[in-house]
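*Asks:* Here it is, the structure, as structure tokens.
Right, here's the structure in full:
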């Protein structure tokens with residue numbers, strides 16, 4: 005068995021790939037080439053869909069691609085902040101962070117009113133945005149109550165995991 009380890013794939017250097025070929029006397033170089041050739045597409049699909057692990061086998065060749073702690077990274081961004089989220093903390097704002105890569109929308113449909121507008125009050129658990137990934141619309145909810153201070157992105161903009169979608173002036177009342 006031959007094993008190759010590859011790292012630093014994808015946009016955020018958060019992909020790790022292991023390619024294995026088991027030599028059973030067949031010399032499955034075509035399978036290995038097919039697996040290696042599939043890496044860029046696999047990585048793009050993983051980034052777009054939020055999938056954290058893919059295992060592909062072609063003949064005796066196998067590729068296992070994993071994100072480096074994507075869920076832990078996304079949770080730490082939500083809790084500790086990064087980029088715009090850090091700026092939000094400095095402004096005493098709560099940033100509602102996108103948990104996945106996709107296209108951000110602020111209304112359920114183009115002909116319907118937005119979930120939130122700047123200046124409106126929101127409750128904890130309220131839907132504030134949608135992120136479309138792989139033709140699936142994911143509702144994004146705020147964890148805190150308060151007043152919408154500003155939107156972090158424009159409707160229809162492609163966002164990455166960790167992008168601040170909405171900034172909320174936190175309501176310090178109990179339950180807020």
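Residue numbers (our numbering): 5 to 180.
We put the CB at the ideal spot given by N, CA and C, even for glycine.
For residue 143, which residues in the same chain have their Cβ closer than 7 Å to its Cβ, ignoring the five residues on either side in sequence?
*Replies:* Here the question's residue 143 lines up with position 139 in the chain shown. Here the set comprises 131, 134.
*Asks:* Report the residue from 169, 136, 154, 41 whose alpha carbon sits nearest the alpha carbon of residue 121.
*Replies:* Reading the chain shown from its first residue, position 117 is the one you call residue 121. For the residues 169, 136, 154, 41, the minimum Cα distance to residue 121 belongs to 154.
*Asks:* Using beta-carbon positions only, say whether residue 104 and residue 128 come within less than 7 Å of one another.
*Replies:* Taking the chain shown and counting its residues from 1, one reaches residue 104 at position 100. Taking the chain shown and counting its residues from 1, one reaches residue 128 at position 124. Result no, Cβ atoms of residue 104 and residue 128 do not sit closer than 7 Å.
*Asks:* On the premise that residue 156 lies in contact with residue 171, defined as a C-beta separation below 8 Å, what is that separation, rounded to the nearest angstrom?
*Replies:* The residue given as residue 171 occupies position 167 in the chain shown. The residue given as residue 156 occupies position 152 in the chain shown. Going by Cβ atoms, the distance from residue 171 to residue 156 rounds to 6 Å, so yes, they are a contact pair.
*Asks:* For the candidate residues 106, 45, 114, 113, whose alpha-carbon lies nearest to that of residue 168?
*Replies:* Taking the first residue of the chain shown as 1, we reach residue 168 at position 164. When only C-alpha atoms are compared, the closest one is 106.
*Asks:* Start and end of the beta strand (DSSP E) containing residue 141?
*Replies:* Within the chain shown, the letter at position 137 stands for residue 141. That run of the beta strand (DSSP E) goes 140–145.
*Asks:* Applying the criterion that 16 or more other CB atoms from any shown protein chain within 10 Å of the CB defines a buried residue, is residue 98 buried or exposed?
*Replies:* If you number the chain shown from 1, residue 98 lands on position 94. Residue 98 comes out buried.
*Asks:* Given that a residue counts as buried once 16 or more other Cβ atoms are within 10 Å of its Cβ, and exposed if not, what is residue 108?
*Replies:* Along the chain shown, read from residue 1 onward, the residue named residue 108 stands at position 104. With 16 or more other Cβ atoms within 10 Å, it is buried.
*Asks:* What separation, rounded to the nearest whole angstrom, lies between the Cα atoms of residue 124 and residue 49?
*Replies:* By 1-based counting over the chain shown, the position of residue 124 is 120. By 1-based counting over the chain shown, the position of residue 49 is 45. Going from the Cα of residue 124 to the Cα of residue 49 covers about 36 Å.
*Asks:* For residue 113, count the other beta carbons within 10 Å of its own beta carbon; 16 or more makes it buried, fewer makes it exposed. Which is it?
*Replies:* Taking the chain shown and counting its residues from 1, one reaches residue 113 at position 109. Flag for residue 113 reads exposed.
*Asks:* In three-state DSSP terms, what is residue 124?
*Replies:* For the purposes of this step, residue 124 is taken as the residue at position 120 of the chain shown. Coil, per DSSP.
*Asks:* Expressed to the nearest angstrom, what Euclidean distance is found between the alpha-carbon atoms of residue 139 and residue 51?
*Replies:* The residue labelled residue 139 in the question sits at position 135 within the chain shown. The residue labelled residue 51 in the question sits at position 47 within the chain shown. Going by the C-alpha atoms only, they are around 14 Å apart.
*Asks:* Kindly list the residues whose CB is nearer than 7 Å to the CB of residue 126, restricted to its own chain and excluding five residues on each side of it in sequence; keep chain order.
*Replies:* Residue mapping note: residue 126 aligns to position 122 of the chain shown, counting from 1. Cβ neighbours of residue 126 beyond the five flanking positions: 120, 132, 146, 149, 150, 152, 172.
*Asks:* Taking all protein chains shown into account, do 16 or more other C-beta atoms lie within 10 angstroms of the C-beta of residue 163, making it buried, or fewer, making it exposed?
*Replies:* Counted from its first residue, the chain shown places residue 163 at position 159. Result: buried.
*Asks:* Suppose you measure from the CA of residue 110 to the CA of residue 141; what does that come to, to the nearest Å?
*Replies:* Position 106 of the chain shown, counting from 1, holds the residue named residue 110. Position 137 of the chain shown, counting from 1, holds the residue named residue 141. Spanning the two alpha carbons is a distance of roughly 11 Å.
*Asks:* Can you tell me where the beta strand (DSSP E) with residue 137 in it begins and where it stops?
*Replies:* On the chain shown, residue 137 is found 133 positions in, with the first residue counted as 1. Per DSSP, residue 137 belongs to the beta strand (DSSP E) from 131–137.
*Asks:* Pull up the distance between the alpha-carbon of residue 37 and that of residue 47, whole angstroms please.
*Replies:* As a position in the chain shown, residue 37 is number 33, starting the count at 1. As a position in the chain shown, residue 47 is number 43, starting the count at 1. Rounded to whole angstroms, residue 37 to residue 47 spans 16 Å at the Cα level.
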